[in-house]
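Notes follow once the structure below has been shown.
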Amino acid sequence: RRACMAGVARCHIISYRDDCALLEELFTHDGNGTLVAKDDYEQTRSASIDDVGGILELIEPLEREGVLLKRSRELLENEIRQFRIIERDGRIIACAALYPFPEENCGEVACIVSHPDYRGGQRGQRLLQEIEREARVQGLDRVFVLTTQTAHWFLEQGFEERSRDALPAQKQALYNLQRNSKVFFKSL
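Numbering of the sequence shown is given in the UniProt record's numbering, commencing with residue 1 and proceeding in unit increments.
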């Protein structure tokens, strides 16, 4: 702590009892020891065009599995301002997007993803809270989500299941019957 207060950005405390500790600390992303940092090691922020590659890397496995709809690089570049990310030591480890439908006073929460190595740390909840805050700032009074596999998580976050007729007309027109996504809404 004293080193950080004296201007050292990060200090790594590594056990001398583990023969591989230093190698793991040097050559793995999360290391082996304890990190003491002056600044936030993990931060939530709006995504920028420079984050497109990291977001694609994060979501592509779920796109291949059919959990998420496929997004091209071009589409993601055009929609990057809708995304919030969590970055850990320069690596994007979670993301989420808000697509507003201001004419219907609601917004779609989409593409909530956490890297498998970082699940269970409430990052999804943090991103959802950020998205909900942004929706309120935009004057929206509710958000909705379409999901095929994570209905239980959205119920735990206060969403309620609705019929697809509750979706904004523009979203209803794009609804994919083959995916048969469940529709959930949450009042803000």
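We treat Cβ as the ideally placed atom computed from N, Cα and C, and that holds for glycine.
- [ ] Mind checking which residues open and close the alpha helix (DSSP H) that includes residue 54?
- [x] 52 to 64
Task: Assumed close pair residue 154, residue 147 - CB separation to whole angstroms, cut-off 8 Å - done: 6 Å
Open item on the list: Counting C-beta neighbours from all protein chains within 10 Å, is the total for residue 114 16 or more, i.e. buried, or is it exposed?
Closed with: Looking at its Cβ environment, which holds 16 or more other Cβ atoms inside 10 Å, residue 114 is buried.
- [ ] Give a yes or no on contact between the region 112 to 129 and the region 174 to 185, applying the rule of three or more CB pairs nearer than 8 Å.
- [x] no
Open item on the list: Suppose the cutoff is 7 Å on Cβ atoms and the five residues either side in sequence are ignored; what does the same chain contact list for residue 92 look like?
Closed with: 51, 54, 55, 58, 85
Task: Boundaries (first-last residue) of the beta strand (DSSP E) holding residue 137 - done: Not the beta strand (DSSP E): residue 137 falls in the alpha helix (DSSP H), residues 123 to 137.
Task: Buried/exposed call for residue 136, threshold 16 Cβ in 10 Å - done: exposed
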